[in-house]
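Student: What follows is a structure written as structure tokens; I'll ask about it next.
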Amino acid sequence: MSKPVLEVRDLKKIYGEGEATVHALRGVSLTVERGDYVAIMGSSGSGKSTLMNILGALDVPTFGSYHLDGVDVSKLADRQLALARNRLIGFIFQAFNLIPRTSAVANVELPLAYAGVKPKERRRRALAALDVVGLADRAKHEPNQLSGGQQQRVAVARALVTEPALLLADEPTGNLDSHSTADVLSVFDQLSGAGRTIVIITHEPEVAARAKRLIRLVDGQIVEDNRQSPLHLPPVGAFAGRHST
Amino acid sequence: MSFKEVIRFALRGLSANKLRSALTMLGILIGVAAVILLVAVGNGSAKAISDRIEALGTNTITVMSTNRGGSASTALTTEMADAINDPTMAPDVKSVSPVVSSSATITYEGTDHSVNSFVGTTPGWFTASNTPIGTGTGFTADDEAQGRRVVVLGQTVVEELFPGVDPIDKQVTVGGALFTVVGVLKEKSSTGFQDANDTAVAPLSAVRQVLTGYGALNSILVEAKDPNKVDTVESEVSTILDQRLTTTASSKSSTSSTPYRIQNASQLLETQTATADTFTTLLGAVAAISLLVGGIGITNIMLVTVTERTREIGIRKALGAPRRVILNQFLIEATLLSVIGGVLGVAAALIGSSFEIVGVKPVIVPSSIGLALGVSIAIGLFFGGLPASRAARLRPIDALRYE
Chain A
103 MSKPVLEVRD LKKIYGEGEA TVHALRGVSL TVERGDYVAI MGSSGSGKST
153 LMNILGALDV PTFGSYHLDG VDVSKLADRQ LALARNRLIG FIFQAFNLIP
203 RTSAVANVEL PLAYAGVKPK ERRRRALAAL DVVGLADRAK HEPNQLSGGQ
253 QQRVAVARAL VTEPALLLAD EPTGNLDSHS TADVLSVFDQ LSGAGRTIVI
303 ITHEPEVAAR AKRLIRLVDG QIVEDNRQSP LHLPPVGAFA GRHST
Chain B
291 MSFKEVIRFA LRGLSANKLR SALTMLGILI GVAAVILLVA VGNGSAKAIS
341 DRIEALGTNT ITVMSTNRGG SASTALTTEM ADAINDPTMA PDVKSVSPVV
391 SSSATITYEG TDHSVNSFVG TTPGWFTASN TPIGTGTGFT ADDEAQGRRV
441 VVLGQTVVEE LFPGVDPIDK QVTVGGALFT VVGVLKEKSS TGFQDANDTA
491 VAPLSAVRQV LTGYGALNSI LVEAKDPNKV DTVESEVSTI LDQRLTTTAS
541 SKSSTSSTPY RIQNASQLLE TQTATADTFT TLLGAVAAIS LLVGGIGITN
591 IMLVTVTERT REIGIRKALG APRRVILNQF LIEATLLSVI GGVLGVAAAL
641 IGSSFEIVGV KPVIVPSSIG LALGVSIAIG LFFGGLPASR AARLRPIDAL
691 RYE
């Protein structure tokens, strides 16, 4: 069996000092295999966003080790960390976080530009990624000309354009209506079916239900880790079709 | 990521918000243009003052009698003028021009015009007093010796008496005597309230005969050989005059103080230079303040612009942009804004300086261009680069949470 995409051991994150100390994570250990589709659920304040930021190499843990694709992330310098974020991780934010006043295709191209891909090749791959999320015809639109669901799909395209080992999504449907949610989720199902590794945070049970594995987080600790469908089969929602509604 | 790529990113960053970029550039433009123009206006007015004073003649001194009523013993006489023109006693004197002047009415074919100063003098006066002849000729030493009634008119007189007519060789009546016009003075810029062109110049002997009589001279204009020798000439002249006046007036105890006054044009110039220096200092202060204000404006807009984009920096970092690339992008954006804004500011100042501003023709000081441009670009770079490097050093999550 190949090495896990993601492996964290006894992860702790402590904010503040003295009496104001907050233990956001109290020792989380987690292994995610290649091709898995993991949903992490938890109420607000359970530490799920903190965990996600650490997994995305956007934040550093106070204690514990984090191996991403076999690389110890805590030992990386700024430049290598930037490289890891660029090549290994595709991050999808709740607030989309597209660069304003920049066309969809330029937004999707951005990680490729930082990876040093030539402009022509970049454009081709960005358009291909937009095609995957069904927005090839909106390539020239700027974020404020797109609906929330479309913006999030652009963000998904941006996350997967570098073909990262791991797709991380922090409440990707939190700001979306049900129709847009269905759109985005069907993209995830499709990606999972294509063999991508996905970790998604959510507090919506219907979103979590489509994942292959469900993890519940309470007060910075994993209280439930439940496999919902086999690792090597496509997820349950994959055959529902993208525009089934 | 290649440098060309980073430049393209910077350009895209600038064009993404055209209004903000334009306003930033406008701020820098105004800062730079204001500094250059202010200094140019100040420099222009200082230059205008010094030009006017130089027009009076800077290498001359004027001897005037202090006793207005003038008993014969203290009055200036032509003998004194001759005595000053002494190569051994006063080697640095180039020419001496005795001057009488009075107001007079000039008549030509029934038209009257009264001139404030009808000057009687010798031919050397024209060069000494920096009053060149425009058309025609001046009078000669021979004219003066023979007492020929010839006259050189100022521009104002010509306009009054000879509208549209060539005045040369016409005859005008002054004080009941006919004078032949031989020349017209070149137009002179006025130095004060009096019209410097409302004048007429004739040989000393003729004016004395017709108008003023053979009394005292009004003044003696002494020209030095060199502008630097004016002070030497002044002391030489006063030595000669002291001797003269002592021999003629020693019996009278009332003349304890010198009965004459020497006006030195170079003193005037010194005063002017001192004034100009004060002016320059004042301007420097004004320029420094406007540079400071302009700089604060640039600082402000740069800080706001970059701080506003902290989130964007966070996004870029999350997508895997190395710190160096982000910093370069923002530095290039700041450089482009400051350089384009600064160059436009210089252009605006150059265009603005070709117009008269509150009656002053601005004269650009080249160093002020360099100073204004340099300071603005430095400030733009520093305050554009500083917050960018701060944001680039943040953890992506902190930059993303920045509001």
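Chains as they are written, first to last, in my numbering: chain A, 103 to 347; chain B, 291 to 693.
Every residue gets a Cβ at the ideal spot worked out from N, C-alpha and C, and that includes glycine.
Given this structure, state the Cα-to-Cα distance separating A:Arg315 from A:Val175, to the nearest angstrom.
Tutor: 24 Å
Student: Comparing alpha-carbon positions, which option in B:Val322, B:Ser355 and B:Ile659 lies nearest B:Leu531?
Tutor: B:Ser355
Student: What residue range is occupied by the uninterrupted beta strand (DSSP E) comprising A:Glu273?
Tutor: Careful: A:Glu273 lies outside any beta strand (DSSP E) and carries neither H nor E.
Student: If you measure from the beta carbon of A:Leu293 to each beta carbon in chain B, is any gap under 8 Å?
Tutor: Not flagged as an interface residue toward chain B: A:Leu293, since no C-beta distance is shorter than 8 Å.
Student: Please classify B:Gly465: does DSSP put it in a helix, a strand, or coil?
Tutor: coil
Student: Any heavy atom of the ligand COA closer than 7 Å to the Cβ of B:Lys515?
Tutor: Absent from the structure shown: the ligand COA. Ligands present: none.
Student: Where does A:Leu333 fall in DSSP's three states?
Tutor: coil
Student: Relative to the C-alpha of A:Arg203, which residue among B:Asn307, B:Gln553, B:Thr568 and B:Gln533 is closest?
Tutor: B:Asn307
Student: Using three-state DSSP, classify B:Gln553 as helix, strand or coil.
Tutor: strand
Student: For B:Asn307, which residues in chain A fall below 9 Å Cβ to Cβ?
Tutor: Pro202 and Arg203
Student: Hey, is A:Pro106's beta-carbon within less than 8 Å of any beta-carbon in chain B?
Tutor: no
Student: For the stretch 582-616 of chain B, which residues have a CB atom closer than 9 Å to at least one CB atom of chain D, in sequence order?
Tutor: Given the protein chain composition of this structure (A and B), no chain D is represented.
Student: Out of A:His334, A:Pro336, A:Leu335 and A:Glu273, point me to the one whose CA is closest to A:Glu306's CA.
Tutor: Per the C-alpha coordinates, the member of A:His334, A:Pro336, A:Leu335 and A:Glu273 positioned closest to A:Glu306 is A:Glu273.
Student: Would you mind stating whether A:Thr304 and A:Thr275 have Cβ atoms separated by less than 8 Å?
Tutor: yes
Student: Alpha carbon to alpha carbon, how far is B:Val596 from B:Ala681? Give it in angstroms, no decimals.
Tutor: 9 Å
Student: When you compare each of B:Ile351, B:Gly465 and B:Val474 to B:Val500 by their alpha carbons, which one comes out closest?
Tutor: B:Gly465
Student: When we look at the beta-carbon of B:Leu572 and count the other beta-carbons within 10 Å, is it buried (16 or more) or exposed?
Tutor: exposed
Student: Give the secondary structure of A:Ala313 by DSSP, where H, G and I count as helix, E and B as strand, and everything else as coil.
Tutor: coil
Student: Suppose you measure from the CA of B:Ser679 to the CA of B:Gln619; what does that come to, to the nearest Å?
Tutor: 11 Å
Student: Beta-carbon of B:Glu295 versus every beta-carbon of chain A: anything under 8 Å?
Tutor: yes
Student: Is the CB-CB distance between B:Ser391 and B:Gly410 below 8 Å?
Tutor: yes
Student: Which two residues bound the contiguous beta strand (DSSP E) that contains A:Arg128?
Tutor: Here the beta strand (DSSP E) through A:Arg128 covers Val124 to Val134.
Student: Could you check whether the Cβ of B:Pro686 sits closer than 8 Å to any Cβ belonging to chain A?
Tutor: yes
Student: Would you give the residue range spanned by the alpha helix (DSSP H) that B:Phe416 belongs to?
Tutor: Counting along the chain, the alpha helix (DSSP H) containing B:Phe416 begins and ends at Trp415 to Ala418.
Student: Check whether the stretch 482-498 of chain B touches the stretch 428-446 of chain B, counting contact only when three or more Cβ pairs, one atom from each stretch, lie closer than 8 Å.
Tutor: yes
Student: Between the Cα of B:Ser509 and the Cα atoms of B:Leu309, B:Thr368 and B:Gly675, which residue gives the shortest distance?
Tutor: B:Thr368
Student: Within the same chain, show all residues whose beta-carbon is closer than 8 Å to that of A:Leu319, passing over the 5 residues directly before and after it, in chain order.
Tutor: Val130, Ile142, Met143, Gly144, Ser148, Gly149, Lys150, Leu153 and Val325
Student: Establish whether the CB of B:Leu690 and some CB of chain A are separated by less than 8 Å.
Tutor: yes
Student: What do you get for A:Ala259, buried or exposed, if any count of 16 or more other CB atoms within 10 angstroms of its CB means buried?
Tutor: Residue burial annotation: A:Ala259 is buried, with at least 16 other C-beta atoms found within 10 angstroms of its C-beta.
Student: Which residues in the same chain have their Cβ closer than 7 Å to the Cβ of B:Met315, if we skip the five residues on either side of it in sequence?
Tutor: Excluding sequence neighbours, B:Met315 sits near Leu627, Ile630, Gly631 and Leu634.
Student: List the endpoints of the continuous alpha helix (DSSP H) containing A:Val256.
Tutor: Gly250 to Leu262
Student: With 8 Å as the C-beta to C-beta threshold (strictly closer), list the residues of the stretch 171-188 of chain A near chain B in chain order.
Tutor: Asp180, Arg181, Ala184, Leu185, Ala186, Arg187 and Asn188
Student: For a contact defined as C-beta to C-beta under 7 Å, what are the partners of A:Phe272 on chain B?
Tutor: Here the sequence assigns Asp to residue 272 of chain A, which means Phe is not the residue at that position. For A:Asp272, none of the residues of chain B pass the 7 Å Cβ criterion, the least Cβ distance being about 11 Å.
Student: Can we say the stretch 311-331 of chain B touches the stretch 665-675 of chain B, given the rule of at least three CB pairs closer than 8 Å?
Tutor: yes
Student: Please state if the CB of A:Pro337 and the CB of A:Arg312 are separated by a distance shorter than 8 Å.
Tutor: yes
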